[in-house]
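Peer 1:
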Amino acid sequence: MKRNILLLFTFFACITVQGQTPVRLVDLRSEHLDRPIGLDNPVPRLSWRMEDGRQGAVQTSWR
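For the sequence shown, the tail end lands on 63 under the UniProt record's numbering, and the numbers increase by one without skipping.
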């Protein structure tokens, strides 16, 4: 019985994960350049935009 419940829970967890829209990073930039060949700055400024199908999705942190 416990095994059946565990299998059922795992099945529904997999379906839930597959149904989510993946987050995509677009407009990747370094020092405000789209495709830099080289940079002289040892600490370049990086920027990006997130595309997410979920309403209200925001980025909360990065490292």
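Heads up, the beta-carbon is just placed ideally off N, CA and C, and yes, glycines get one too.
#1: Taking DSSP as the reference, what is the three-state secondary structure of Leu-39?
#2: Find the nearest neighbour of Ser-47 within the set Arg-54, Asp-40, Gln-59, judged by alpha-carbon distance.
#3: Which residues mark the beginning and the end of the beta strand (DSSP E) in which Val-26 is found?
#4: Using DSSP with H/G/I as helix, E/B as strand and the rest coil, what is Arg-49?
#5: Roughly how many angstroms separate the alpha carbons of Pro-42 and Phe-11, rounded to a whole number?
Peer 2: Inspection of the coordinates gives the following:
#1: coil
#2: Gln-59
#3: 24-30
#4: strand
#5: 48 Å
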